[in-house]
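Everything on this sheet refers to the single structure shown next.
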Amino acid sequence: ENGVDYSVVLAEVAPLTTGIATNEMVADFCGGNPRLIPFCTFNPFTDFNMGEQLSKLVTQQGFKGVKLYPTYNYFYPNDSALYPLYAVAEKLEIPILFHTGSSVFKNSRIKYGNPIFYDDVAVDFPNLKIVMAHGGRGPWYEEAFVMARLHPNVYIDVTGLPPQKLLTYFPDMGRLAHKFIFGTDWPSVDVKKNIELVRQLPITAQAIDQILGENAKRILGL
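If you use our numbering, the sequence shown corresponds to residues 72 to 293, in order.
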């Protein structure tokens, strides 16, 4: 109906801020549906042997990526405690999606959402697919853009951002379209309307196709 071929389903375990949707819940929800792409999650304060866990989740349960929430679970993404997880994700060639920028949820701490921390991660793991959700929303649009422009393995997703304002936030978005990924943060926004607004952006048709699907297809190996 809306021209959406695939949806990513995210695990999220952040009881102090947003709530709980465990890896097991996501696996059950996706239930082998090939159009639903499950992403698992980890918390460096409560999860141990994260790299080993990730390997099992990918090889045994079909997870296709990771979502981490620094602003909700209060950790810096360049913390070395996460490096074993990054190493396994890099080896398995799966992306890690990070919440960046501001948040509307109570108890969030946005200092952990600064995109500058991904400079370390991108340098230390040059083949790890790093996706910055919300593009540093609020204080750090420019920092997010610089990270994506500087590092071949760093991308921006535009979930939670009004499409009609994307060129205000990222004036050179059209020139870096191969680094931008469409997303909606559904159910908080209307999927069909967001797609229509992206198609109305004054950038090339090729750039729009990249943003709406080609980049995600490449990163997810679809």
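Where is the CB? At the ideal position from N, CA and C, for every residue including glycine.
Exercise for the section: Give a yes or no on whether 9 Å exceeds the smallest Cβ distance from M218 to chain B. Expected result: In the structure shown, chain B does not exist; there is a single protein chain.
Practice task
Kindly list the residues whose CB is nearer than 6 Å to the CB of P115, restricted to its own chain and excluding five residues on each side of it in sequence; keep chain order.
Solution key: Counting only Cβ-Cβ distances below 6 Å, and skipping sequence neighbours, we find F146, A152, L153.
Exercise for the section: Kindly indicate which residue of H170, A193, W211, P155 has the alpha-carbon position closest to the one of P141. Expected result: Relative to P141, the option among H170, A193, W211, P155 whose CA is nearest is H170.
Practice task
Verify the contact flag: P197, CB atom, against every heavy atom of the ligand ATP, threshold strictly below 8 Å.
Solution key: With respect to the ligand ATP, the structure offers nothing, as it holds no ligand at all.
Exercise for the section: Please state whether DSSP places L81 in a helix, a strand or coil. Expected result: Three-state DSSP puts L81 in a strand.
Problem - Three-state class that DSSP yields for Y226 in the structure shown - result: Here Y226 sits in strand by DSSP.
Exercise for the section: Just grab the DSSP bridge partners of V202 for me. Expected result: BP columns for V202 point to L168, Y226.
Handout entry: Where F116 sits in the DSSP three-state scheme
Key = In the three-state reduction of the DSSP assignment, F116 falls in the coil class, being assigned neither a helical nor a strand state.
Exercise for the section: Label A276 either buried or exposed according to how many other C-beta atoms from any shown protein chain fall within 10 Å of its C-beta, with 16 as the threshold for buried. Expected result: Looking at its Cβ environment, which holds fewer than 16 other Cβ atoms inside 10 Å, A276 is exposed.
Exercise for the section: Could you work out which residue in V97, A98, E83 is closest to I91 when comparing CA atoms only? Expected result: Of V97, A98, E83, the residue nearest in Cα terms is E83.
Practice task
Could you tell me whether the region 269-287 touches the region 237-255, using the rule of 3 or more Cβ pairs below 8 Å?
Solution key: Segments in contact, yes.
Practice task
May I ask you to verify whether the region 218-230 touches the region 174-184, counting CB pairs closer than 8 Å and requiring at least 3?
Solution key: The answer is no - the region 174-184 does not touch the region 218-230, with fewer than three Cβ pairs under 8 Å.
Practice task
With I181 as the anchor, note down where its alpha helix (DSSP H) starts and where it stops.
Solution key: I181 -> no alpha helix (DSSP H), and no H or E assigned at all.
Practice task
Give the DSSP-derived three-state secondary structure of V192 in the structure shown.
Solution key: If DSSP states are grouped into helix, strand and coil, V192 belongs with the helices.
Practice task
Out of T117, D191, D228, F216, state which residue places its alpha-carbon closest to the alpha-carbon of I290.
Solution key: Looking from the CA of I290, the closest CA among T117, D191, D228, F216 belongs to D228.
Handout entry: Beta-carbon proximity check, V202 vs L168, cutoff 9 Å
Key = Yes, these two residues count as a Cβ contact at 9 Å.
Handout entry: M51 versus K200: straight-line alpha-carbon distance, rounded
Key = Missing from the structure shown is residue 51; the chain here goes from 72 to 293 and no further.
Practice task
Tell me, to the nearest whole angstrom, how far the beta carbon of V217 is from that of A193; I am working on the premise that it is less than 8 Å.
Solution key: With 8 Å as the limit, V217 and A193 do not qualify as a contact, their Cβ atoms being about 11 Å apart.
Problem - Continuous alpha helix (DSSP H) assignments of at least 4 residues falling wholly in the region 114-161 - result: Listed in chain order, the complete alpha helix (DSSP H) runs (minimum 4 residues) inside the region 114-161 are 121-132, 141-144.
Problem - Unbroken beta strand (DSSP E) run spanning L293, endpoints - result: Counting along the chain, L293 falls outside any beta strand (DSSP E), and DSSP gives it neither H nor E.
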